[in-house]
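Participant:
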Amino acid sequence: DNCRYDQVKSGKPTNERLDSRLDDLVARLNRAEERHDTVQQVAFEKLDVIERFVSQVDSHLSCVATQLEKDYANMHESLEKLYQFHAAHDRVLNGRNGQDGLLIRTDRVEQYVASSRWMIRAVVAATITLVATTVAGWMATQ
């Protein structure tokens, strides 16, 4: 701004004013470089902090991934045991390869118990009839 005033006043800037202006610009440039260096240093410090944080997150994610792999393996192993238990349970209940399972055996036992009840009832009825006819025949002879 001073240079323009000098230009307007005298028609051209003076060397003294140009030197002053140049010194002012150099001082501003030096301050800007110092600020730039300070900002750059702060940015590098923040980047170091971020880099450490990312390293910690990466380490934590590695631990989580390892734990998930272990959990998945345990879950898979438990599922295999469950499938084997289910297959054994199914074989015991329903049978396999011509062998009868518990359900069929229980059904047969129930059928046997039901038929034996009728058999016992028939035997009891026949015995009562036999005793009654025997008593009736004995009473008739007396």
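Under the numbering used here, think of the first position of the sequence shown as -19, with each following residue one higher.
We put the CB at the ideal spot given by N, CA and C, even for glycine.
(1) Taking only three categories from DSSP, how would you classify Arg76?
(2) With H, G and I counted as helix, E and B as strand and the rest as coil, what does DSSP make of Gln21?
(3) Scan the region 81 to 110 and note each continuous beta strand (DSSP E) run of 3 residues or more that stays entirely inside, going in chain order.
(4) So Leu82 and Val72 are in contact, right, with Cβ under 8 Å, and what is the actual spacing, rounded?
(5) Inspect the beta-carbon positions of Gly78 and Ile84 and report whether they are closer than 8 Å.
(6) Measuring straight from C-alpha to C-alpha, what distance separates Ile30 and Glu60?
(7) What is the DSSP secondary structure of Gln122, counted as helix, strand or coil?
Facilitator: Reading off the structure:
(1) Position 96 of the sequence shown, counting from 1, holds the residue named residue 76. In this structure, Arg76 counts as coil in the three-state DSSP scheme.
(2) The count along the sequence shown starts at 1 and reaches residue 21 at position 41. Correct three-state label for Gln21: helix.
(3) none
(4) Numbered from 1 along the sequence shown, position 102 holds the residue referred to as residue 82. Numbered from 1 along the sequence shown, position 92 holds the residue referred to as residue 72. Indeed, because the Cβ distance is near 6 Å, the residues count as touching under 8 Å.
(5) For the purposes of this step, residue 78 is taken as the residue at position 98 of the sequence shown. For the purposes of this step, residue 84 is taken as the residue at position 104 of the sequence shown. No, the Cβ-Cβ distance between Gly78 and Ile84 is not below 8 Å.
(6) Counting from one through the sequence shown, the residue named residue 30 turns up at place 50. Counting from one through the sequence shown, the residue named residue 60 turns up at place 80. Distance between the alpha carbons of Ile30 and Glu60 is about 44 Å.
(7) Along the sequence shown, read from residue 1 onward, the residue named residue 122 stands at position 142. Residue state, collapsed to three classes: coil.
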